[in-house]
Amino acid sequence: MPLTVHVVTLFPDYFESPLRVSLVRRAREEGQLVIRTHDPRDHGKGAHRQVDDAPFGGGPGMVMMVEPLARTLEPLAHTHRVFLTPSGAPLRQDTLDRFALMDEITLVCGRYEGIDQRVVDHYIDEEVSLGDFVLLGGEVAAATIIEGVARLLPGVVGNPESTEHESFRSNELEEPQYTRPAEFNGWEVPDVLLSGDHGAIDRWRAEQRALRTQQRRPDLVPNRDADS
Ligand code: ADE
Numbered sequence: 012m013p014l015t016v017h018v019v020t021l022f023p024d025y026f027e028s029p030l031r032v033s034l035v036r037r038a039r040e041e042g043q044l045v046i047r048t049h050d051p052r053d054h055g056k057g058a059h060r061q062v063d064d065a066p067f068g069g070g071p072g073m074v075m076m077v078e079p080l081a082r083t084l085e086p087l088a089h090t091h092r093v094f095l096t097p098s099g100a101p102l103r104q105d106t107l108d109r110f111a112l113m114d115e116i117t118l119v120c121g122r123y124e125g126i127d128q129r130v131v132d133h134y135i136d137e138e139v140s141l142g143d144f145v146l147l148g149g150e151v152a153a154a155t156i157i158e159g160v161a162r163l164l165p166g167v168v169g170n171p172e173s174t175e176h177e178s179f180r181s182n183e184l185e186e187p188q189y190t191r192p193a194e195f196n197g198w199e200v201p202d203v204l205l206s207g208d209h210g211a212i213d214r215w216r217a218e219q220r221a222l223r224t225q226q227r228r229p230d231l232v233p234n235r236d237a238d239s
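For reference, each letter of the sequence shown is one residue, going 12 to 239 in our numbering.
What follows is the structure, given as structure tokens:
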């Protein structure tokens, strides 16, 4: 059964190119991934197909109106509906693991200053953020989720080990990697990797992962004091 991803966006063109390259393209061609875009402007109001209006209570910017989004989302009620917003829960690998197991998911991209809260209250199952920064809309986050999920679909990444043992599944950053040549410009590859001693190589890689994680992401290192 393929994963169907519905994307609700005022900018369906945005998705043209990222969905046509690399593994995402292969997953679509092989039928494991189906992408459908839905433009709320098709349900916009009046001759101008209006989809946004000034916020009640005043303030800058425009808010996406409830009706065009409601009409777009009503036929998608059977799917898991995710709103992309900086106010959502941070996107993590386990979020993608969860989405990759679903049959149908809907990614709702906001634009302007926000969307009418009634849309969120009545049509959204989960809110997800790409991180603690503000983009112009949810499209980049939706493309990120599609790519992150596509590579988890069965048969999409050639070697399943490469998704099983990677950073963030083990809560550790990955060790540095090298390939031929063993020397370039006088820059050498660590001797241990050329030694053929697989025990030593495994130990070196484990040390590098621990070191990098400690240096770059101390927040991922379990706090030993917490248990005592
Ligand atoms: N839309 C605007 N900023 C966003 C973010 N950081 N994450 C998800 N969607 C967004």
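For every residue, glycine included, the Cβ atom is placed at its ideal position computed from N, Cα and C.
With H, G and I counted as helix, E and B as strand and the rest as coil, what does DSSP make of residue 126? In the sequence shown, residue 126 corresponds to position 115, counting from 1. Of the three classes helix, strand and coil, the one that applies to residue 126 here is strand, per DSSP.
Sequence-distant residues of its chain with Cβ nearer than 7 angstroms to residue 164 (five each side left out): Start at 1 with the first residue of the sequence shown, and residue 164 comes out as number 153. Cβ neighbours of residue 164 beyond the five flanking positions: 14, 38, 43, 44, 111.
Decide yes or no for the touch test of the segment 14 to 31 against the segment 125 to 133: beta carbon pairs closer than 8 angstroms, at least 3 of them. The segment 14 to 31 makes no contact with the segment 125 to 133; the number of CB pairs closer than 8 angstroms stays below 3.
When the Cα atoms are used, what is the spatial distance from residue 202 to residue 222? Position 191 of the sequence shown, counting from 1, holds the residue named residue 202. Position 211 of the sequence shown, counting from 1, holds the residue named residue 222. Cα to Cα, the separation comes out at about 18 angstroms.
Suppose only complete runs of 4+ residues qualify. What are the alpha helix (DSSP H) ranges in the segment 80 to 149, listed by chain order? The alpha helix (DSSP H) runs lying completely inside the segment 80 to 149 and spanning 4 residues or more are 104 to 111, 128 to 134, given in chain order.
State the start and end residues of the unbroken beta strand (DSSP E) segment that holds residue 47. By 1-based counting over the sequence shown, the position of residue 47 is 36. Where residue 47 is concerned, the enclosing beta strand (DSSP E) stretches over 44 to 49.
What is the rounded straight-line gap between the Cα of residue 100 and the Cα of residue 57? As a working note, residue 100 is residue 89 in the sequence shown. As a working note, residue 57 is residue 46 in the sequence shown. A direct Cα-to-Cα measurement between residue 100 and residue 57 gives close to 35 angstroms.
Counting only beta-carbon separations shorter than 9 angstroms, does residue 105 have a partner in chain D? As a matter of chain content, chain D is missing from the structure shown, which is built from one protein chain.
At least 3 beta-carbon pairs within less than 8 angstroms: the segment 181 to 191 vs the segment 141 to 154: Taking a cut-off of 8 angstroms on C-beta distances, the segment 181 to 191 does not touch the segment 141 to 154, as fewer than three cross pairs fall below it.
Run through DSSP, which three-state label would residue 277 get? With the chain covering 12 to 239 only, the question about residue 277 has no answer from this structure.
Using C-beta distances below 6 angstroms, list every residue in its chain close to residue 179, excluding the 5 sequence neighbours before and after it, in chain order. Here residue 179 is taken as the residue at index 168 of the sequence shown, counted from 1. Within the same chain, and ignoring the five residues on either side of residue 179 in sequence, the residues whose Cβ sits closer than 6 angstroms to its Cβ are 104.
Count the other C-beta atoms from every protein chain shown that fall within 10 angstroms of the C-beta of residue 21, then say buried if there are 16 or more, exposed otherwise. One-based indexing of the sequence shown puts residue 21 at position 10. Around the beta-carbon of residue 21, 16 or more other beta-carbon atoms lie within 10 Å, marking it buried.
Evaluate the contact criterion for the segment 133 to 143 versus the segment 84 to 103: three or more CB pairs, one atom per stretch, below 8 angstroms. Contact holds: three or more Cβ-Cβ distances are below 8 angstroms.
Would you mind reading off the limits of the alpha helix (DSSP H) that contains residue 222? As a position in the sequence shown, residue 222 is number 211, starting the count at 1. Here the alpha helix (DSSP H) through residue 222 covers 209 to 227.
Cα separation between residue 90 and residue 159? In the sequence shown, residue 90 corresponds to position 79, counting from 1. In the sequence shown, residue 159 corresponds to position 148, counting from 1. Near 19 angstroms, if we compare the C-alpha coordinates of residue 159 and residue 90.
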